[in-house]
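Below: one structure, written as structure tokens.
Protein chains in written order, with my numbering: chain A, 1078 to 1184; chain B, 391 to 508.
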């Protein structure tokens, strides 16, 4: 199985900060990576697919980059609604796998 | 707007079978991959498997011997069965639509918390 390692596991930040989350894959997954946001008690919400494509309706402050084994999700100016957990997920090969998540908390 | 809704018993006894249904509205289930994912409380996400209506299933090897997925296109529903459950199967179970090729998960149900307990 392809392992995804997210860092950091927890990130403390303030409103307006620029934050960058990292996801590393155990093998080459090309650009087949998605990012999801999850709030407590809710389902994950798709933010980014194909490593850098913004899902319709997602604010432009979210952006994704990377290919191969190194990927990042950047929030250009953190808003109060963005405090949540973020998961990366690869869909290059079965089984689909998720990273362990990064929780963005209020500093 | 596509909407997914999980339903089914929320309490299952050990060694019995967990059964969930996902009702899809706002679009036909044809032409998409449909997935089940679970999340134990406070933990990460685990992909259980996927089904394509009229086509194949693909399951996570970690659960393959105990999982069956099916679809009912006339009802626009998909179903999940997990046999011989244990406490470790206690989790929130999500259904999700797969879009694209290869597919990613663009629409999710709200999730159903299923507890395994006697």
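Beta carbons are placed, not taken as given, at the ideal position from N, Cα and C, and that holds for glycine.
Query: Suppose the cutoff is 6 Å on Cβ atoms and the five residues either side in sequence are ignored; what does the same chain contact list for residue 505 (chain B) look like?; Result: 401 and 480
Query: Taking 7 Å as the threshold (beta carbon to beta carbon), is residue 448 (chain B) in contact with chain A?; Result: yes
Query: Going by the CB atoms, is the gap between residue 1109 (chain A) and residue 1168 (chain A) shorter than 7 Å?; Result: yes
Query: Taking Cβ-Cβ distances shorter than 8 Å, what residues in chain B pair up with residue 1163 (chain A)?; Result: Neighbours of residue 1163 (chain A) on chain B: none; closest Cβ ~12 Å, over 8 Å.
Query: What are the boundary residues of the beta strand (DSSP E) that includes residue 489 (chain B)?; Result: 481 to 489
Query: Would you report the Cα separation of residue 1098 (chain A) and residue 456 (chain B), rounded to the nearest angstrom?; Result: 35 Å
Query: Select from the segment 1084 to 1107 of chain A all residues with a C-beta closer than 9 Å to any C-beta belonging to chain B, and list them in chain order.; Result: none
Query: Is residue 440 (chain B) near residue 422 (chain B), with beta carbons less than 7 Å apart?; Result: no
Query: Got a sec? Which residues, its chain only, sit under 6 Å from residue 482 (chain B) by beta carbon, not counting five neighbours each side?; Result: 429, 501 and 503
Query: In three-state terms, what does DSSP make of residue 1162 (chain A)?; Result: strand
Query: Residues of chain A with CB closer than 7 Å to the CB of residue 498 (chain B), please, in chain order.; Result: 1120 and 1121
Query: If the cut-off is 7 Å on Cβ atoms, which residues from the segment 414 to 442 of chain B count as contacting chain A, listed in chain order?; Result: 434, 435 and 437
Query: Quick check on the DSSP output: the beta strand (DSSP E) that includes residue 1114 (chain A) runs from which residue to which?; Result: 1110 to 1115
Query: Closest Cβ-Cβ distance between residue 455 (chain B) and chain C: below 7 Å?; Result: Any reference to chain C falls outside this structure, whose protein chains are A and B.
Query: Measure the CB-CB distance between residue 1171 (chain A) and residue 448 (chain B) and report whether it falls below 7 Å.; Result: yes
Query: Buried or exposed for residue 478 (chain B), going by 16 or more other Cβ atoms inside 10 Å?; Result: exposed
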